[in-house]
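Protein sequences appear in the order of chains A and B. For the first sequence, counting from 1, position 86 maps to 86 in the numbering used here; every step adds exactly one. For the second sequence, counting from 1, position 232 maps to 232 in the numbering used here; every step adds exactly one. Glycine is no exception: its CB is placed at the ideal position from the N, C-alpha and C atoms. Take a look at the structure below.
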Amino acid sequence: MSSDATVPRKEGAPERPGLLREFWYYFRENRGAVFGLWIFAAFAFCAAFAPYLVLHDPTEQFREHFLQPPVWQDGGDWLFPLGTDPLGRDIASRLIAGARLSFFVGVVVVAVAASGGILIGLLAGFAPKWLDAIIMRIMDIILAFPSLLLALVLVTILGPSLVNAMIAIAIVLQPHYVRLTRASVLAERQKDYVTAARVVGASRLRLMVVTVLPNCLAPIIVQGALSFSTAILDAAALGFLGMGAQPPTPEWGTMLAEAREFILRAWWVVTLPGLAILVSVLAINLMGDGLRDALDPRLKRS
Amino acid sequence: MNAPVMTARDLARHYPVGGSLFSKPQALKALSGVDFELFPGRTLAVVGESGCGKSTLARLVTMIEEPTRGTLSLSGKPVTPTDWRHLRKDVQIVFQDPYGSLNPRQRIGTILQEPLVINRPDLSTADRVARAREMLGLVGLREEHFDRYPHMFSGGQRQRIAVARALMLDPKVLVLDEPVSALDVSIQSAILNLLVDLQERLNLAYLFISHDLSVVRHIADDLIVMYLGRAVETGPKQAVFDAPRHPYTKALLSATPRADPTVKHERIKLQGELPSPLDQPPGCPFAPRCWRAQPRCHDERPELTGGDQRAACHYPLDAAG
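What follows is the structure in structure tokens.
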């Protein structure tokens with residue numbers, strides 16, 4: 001404690017309070033969220049390094065190993081740790097490759113839905129009353145359909161493929177972003193700092209993008225995390241119905257659909273892809289809840 | 001104190017309310033016909049209870065809204081919405097709530113530079129930063145505050161930042177919309193002294209909106225007392241405070257606490273509520289609550305009359321009260 005340089009900073013001394021550290025402090029409070037974050041990290045790792053993690057080519061068929069059980073059951077061996085499917089393909093490799101596809105679907109769908117939704121929401125929030133009403137009624141109409149049904153209709157029109165399924169899901173999810181953004185914009189617009197920017201002469205575009213938008217982002221980030229899981233789930237559902245990824249693509253929902261008839265003979269072909277969907281969606285939802293707790297000041301405990 | 005920097009003539013603002021598919025919207029007369037002149041280096045205080053149109057006046061003067069009627073001129077030139085862009089930099093505003101008036105996502109430096117980024121594209125980044133830092137010093141904040149976020153400041157400091165932002169464009173007129181009513185009393189005086197100091201240095205004209213008469217007594221040169229969107233009494237501060245002519249002014253003054261317990265203090269209690277601005281009585285708007293009201297007051301609206309100190313009352317109080 002002799003030299004000034006080694007004296008630790010006084011407790012509570014005004015230092016830049018890293019926003020990130022504050023975020024982590026609140027996020028950590030929620031055990032489930034941290035757990036979800038770890039699972040999500042593993043999921044992202046699988047997605048990023050899928051080609052290096054798989055034991056076999058996910059579409060390669062091993063004719064001598066149809067429906068081989070996982071390693072811990074009689075008849076299993078380490079060549080196929082999670083067994084094989086009816087065509088002799090390695091399930092572990094297919095699940096890892098499927099993680100990459102699901103992650104890709106999630107990222108693209110959320111990016112498309114969020115960017116479109118934020119843009120339309122901002123416009124609606126700043127638009128004159130009549131335009132706002134038109135935009136919001138259109139969004140209400142989209143929301144009035146059961147989301148999967150609408151996605152099915154869209155895919156039927158566009159033709160079944162993973163890309164079209166992603167477009168359809170993005171369109172279905174987008175009204176949520178519009179409503180969320182518009183609501184935040186309307187709340188923020190009332191505040192004095194927006195008026196102050198107007199008095200200073202800020203143009204409407206500047207008000208929208210520079211002044212208001214950054215203050216609306218917290219709920220949108222939370223919605224992004226939550227709709228990531230919705231996107232994965234919907235993509236799997238479309239795949240299961242034969243409207244999403246087409247065989248032999250190792251997509252989780254498609255895998256379920258292909259293996260449906262063997263559910264009694266070989267439990268692993270159906271259970272494992274189902275578990276993969278369940279665990280990843282659950283983890284992302286837990287993480288999203290934690291994000292909401294950490295980012296929404298109204299839920300903060302001080 | 002020669003030519004007025006801003007003149008308002010018969011300024012009015014009506015808001016349409018309650019219009020639906022089947023009913024015509026009614027006009028809410030938030031402000032109906034106010035005149036005033038602002039001189040460089042002087043403070044005009046606008047006082048009145050809540051809902052009397054003070055803040056609407058601020059919105060008109062800062063060109064956020066267009067007046068329904070009447071004219072506003074700046075340095076002799078009439079203000080029209082097409083000129084707003086150029087005239088904006090001459091009129092700036094400081095808001096009441098220091099917690100809502102600063103963008104929580106911007107650093108202080110960014111907040112201070114924004115007016116320059118928008119209005120002075122000719123300045124280089126270095127120039128802007130230099131000016132913002134200089135302004136920070138002028139309002140009594142320190143260098144290291146430049147990179148901080150608003151949530152790290154107290155209310156008084158935030159209000160200093162708001163003042164600094166308003167002054168970035170060298171305005172001629174500063175509208176102060178209850179700038180100290182959200183602050184602690186000890187901080188209030190510091191901010192008021194800062195404002196007085198800045199006015200002397202920069203020769204600013206202040207339009208000081210307040211409901212707090214002790215603050216007004218401290219800072220104002222002239223006074224407008226408003227009631228239900230109208231000026232009921234105007235004049236030099238000392239004259240109005242010493243001898244109010246309108247009964248409303250007298251009631252308002254009697255409601256301010258004095259720090260001198262020896263002075264005998266007679267509080268006038270007003271009966272009744274403020275009439276709805278949607279449905280104004282035909283006569284004097286204050287008549288329903290006035291203890292001196294005569295039948296004439298209920299039928300005929302009084303105009304502002306008098307010399308330096310003008311009051312809108314049929315039976316004004318004389319100096320004896």
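Separation of residue j from residue i, as counted between CA atoms
i, j, result
"Asp35 (chain B)", "Leu20 (chain A)", "52 Å"
"Pro16 (chain B)", "Thr230 (chain A)", "44 Å"
"Ala257 (chain A)", "Leu241 (chain A)", "7 Å"
"Arg16 (chain A)", "Gly41 (chain B)", "Model confidence at Arg16 (chain A) stands at a pLDDT of 49, short of 50, so the residue's coordinates are unreliable and nothing is read from them."
"Val163 (chain A)", "Glu261 (chain A)", "27 Å"
"Ser93 (chain A)", "Leu291 (chain A)", "31 Å"
"Gly307 (chain B)", "Ala239 (chain B)", "12 Å"
"His56 (chain A)", "Val155 (chain A)", "32 Å"
"Trp268 (chain A)", "Gln246 (chain A)", "21 Å"
"Ala259 (chain A)", "Ala237 (chain A)", "14 Å"
"Ala312 (chain B)", "Met226 (chain B)", "10 Å"
"Gly12 (chain A)", "Ile167 (chain A)", "In this prediction, Gly12 (chain A) scores a pLDDT of 41, lower than 50, which makes its location untrustworthy; no coordinate-derived value is stated."
"Arg62 (chain B)", "His145 (chain B)", "For clarity, residue 62 (chain B) is Thr in the given sequence; the question names Arg instead. Cα to Cα, the separation comes out at about 28 Å."
"Arg96 (chain A)", "Ala218 (chain A)", "According to the sequence shown, residue 96 (chain A) is Ile rather than Arg. Rounded to the nearest angstrom, the two C-alpha atoms are 32 Å apart."
"Pro115 (chain B)", "Val163 (chain B)", "13 Å"
"Glu22 (chain A)", "Val34 (chain A)", "15 Å"
"Asp147 (chain B)", "Leu226 (chain A)", "34 Å"
"Gly98 (chain A)", "Thr249 (chain A)", "8 Å"
"Ile111 (chain B)", "Met152 (chain B)", "14 Å"
"Leu152 (chain A)", "Ile142 (chain A)", "13 Å"
"Val199 (chain A)", "Arg88 (chain B)", "6 Å"
"Gly109 (chain B)", "Asp234 (chain A)", "46 Å"
"Ser276 (chain B)", "Ala187 (chain A)", "27 Å"
"Phe104 (chain A)", "Trp72 (chain A)", "31 Å"
Any non-hydrogen atom of the ligand PLP closer than 6 Å to residue i Cβ
i, result
"Arg158 (chain B)", "Ligands displayed in this structure: none; no statement on the ligand PLP is therefore possible."
Residues that residue i bridges to, as DSSP identifies them
i, result
"Glu233 (chain B)", "B:Val225 and B:Ala311"
"Phe208 (chain B)", "B:Ala45 and B:Leu176"
"Arg13 (chain B)", "B:Leu31"
"Met6 (chain B)", "B:Leu38 and B:Leu74"
"Ile93 (chain B)", "B:Val175"
Environment of residue i [buried if 16+ CB atoms lie within 10 Å]
i, result
"Trp38 (chain A)", "exposed"
"Val209 (chain A)", "exposed"
"Lys24 (chain B)", "exposed"
"Ala172 (chain B)", "Reading off the sequence shown, one finds Lys at residue 172 (chain B), where the question assumed Ala. By the neighbour-count rule (16 or more Cβ atoms within 10 Å), Lys172 (chain B) is buried."
"Leu228 (chain B)", "buried"
"Ile30 (chain A)", "Here the sequence assigns Asn to residue 30 (chain A), which means Ile is not the residue at that position. Buried is the call here."
"Gly106 (chain A)", "buried"
"Gly321 (chain B)", "Caution is warranted here: a pLDDT of 44 is assigned to Gly321 (chain B), below 50, making its placement in the model unreliable, and the coordinate value is therefore given only provisionally. With fewer than 16 Cβ atoms within 10 Å of its Cβ, Gly321 (chain B) is classed as exposed."
"Arg128 (chain B)", "buried"
"Pro295 (chain B)", "exposed"
"Tyr177 (chain A)", "buried"
"Gly137 (chain B)", "exposed"
"Ser280 (chain A)", "buried"
"Arg201 (chain B)", "exposed"
"Ser124 (chain B)", "exposed"
"Phe40 (chain A)", "buried"
"Thr7 (chain B)", "buried"
"Asp177 (chain B)", "buried"
"Gln190 (chain A)", "exposed"
"Arg265 (chain A)", "exposed"
7 Å Cβ cutoff, residue i in contact with chain C
i, result
"Pro214 (chain A)", "Considering every chain present, this structure includes no chain C. Its protein chains are A and B."
Contacting residues, own chain, Cβ-Cβ under 7 Å from residue i (five flanking each side not counted)
i, result
"Gln68 (chain A)", "Gly75, Gly76, Phe80, Gly83 and Thr84"
"Arg13 (chain B)", "Ala30, Leu31, Thr56, Leu60, Glu65, Pro67 and Thr68"
"Gln271 (chain B)", "Arg289"
"Ala255 (chain B)", "Arg267"
"Phe39 (chain B)", "Met1, Pro4, Val5 and Ala205"
"Val109 (chain A)", "Met166, Ile169, Ala170, Leu173 and Ala231"
"Met135 (chain B)", "Leu112, Ala164, Leu167 and Met168"
"Met203 (chain B)", "A quick correction: the sequence has Asn, not Met, at residue 203 (chain B). So the qualifying residues of the chain are Pro40 and Gly41."
Chain-order list of residues whose beta-carbon lies under 8 Å from that of residue i (same chain, five-residue window excluded)
i, result
"His314 (chain B)", "Cys284, Gln294, Arg296, Cys297, Glu300 and Pro302"
"Gly155 (chain B)", "Pro98, Tyr99, Ala182, Leu183, Asp184 and Ile187"
6 Å CB neighbourhood of residue i in its chain, flanking five on each side removed
i, result
"Leu150 (chain A)", "Val172"
Count the C-beta pairs between the stretch 208-226 of chain A and the stretch 137-145 of chain A that are closer than 8 Å, then say yes if the count reaches three, no if not. Touching, no, given that fewer than three Cβ pairs across the two stretches are closer than 8 Å.
Below 8 Å, can you find three or more Cβ-Cβ pairs linking the stretch 155-172 of chain A to the stretch 184-200 of chain A? Short answer: they don't touch.
Contact the stretch 188-206 of chain B vs the stretch 26-33 of chain B: 3+ CB pairs below 8 Å: Short answer: they don't touch.
Below 8 Å, how does it come out for the stretch 214-224 of chain B and the stretch 232-247 of chain B: are there three or more Cβ pairs, yes or no? Using a C-beta cut-off of 8 Å, the stretch 214-224 of chain B makes contact with the stretch 232-247 of chain B, since at least three inter-stretch Cβ pairs fall below that distance.
Okay, do the stretch 164-182 of chain A and the stretch 113-125 of chain A touch, 3+ Cβ pairs below 8 Å being the bar? The stretch 164-182 of chain A is in contact with the stretch 113-125 of chain A.
Under 8 Å, with one C-beta from each stretch per pair, do the stretch 49-69 of chain B and the stretch 204-217 of chain B reach the 3-pair mark? Taking a contact to require three or more Cβ pairs closer than 8 Å, the stretch 49-69 of chain B and the stretch 204-217 of chain B qualify as touching.
Touch test, the stretch 286-296 of chain B against the stretch 240-249 of chain B, Cβ-Cβ under 8 Å, three pairs minimum: The way I'd put it, the stretch 286-296 of chain B does touch the stretch 240-249 of chain B; three or more beta-carbon pairs between them come closer than 8 Å.
Would the stretch 159-169 of chain B count as touching the stretch 90-97 of chain B if we require 3 or more Cβ pairs under 8 Å? Touching, yes.
Should the stretch 298-307 of chain B be called in touch with the stretch 272-287 of chain B, which here means at least 3 C-beta pairs below 8 Å? Yes: the two stretches touch, three or more of their Cβ pairs being nearer than 8 Å.
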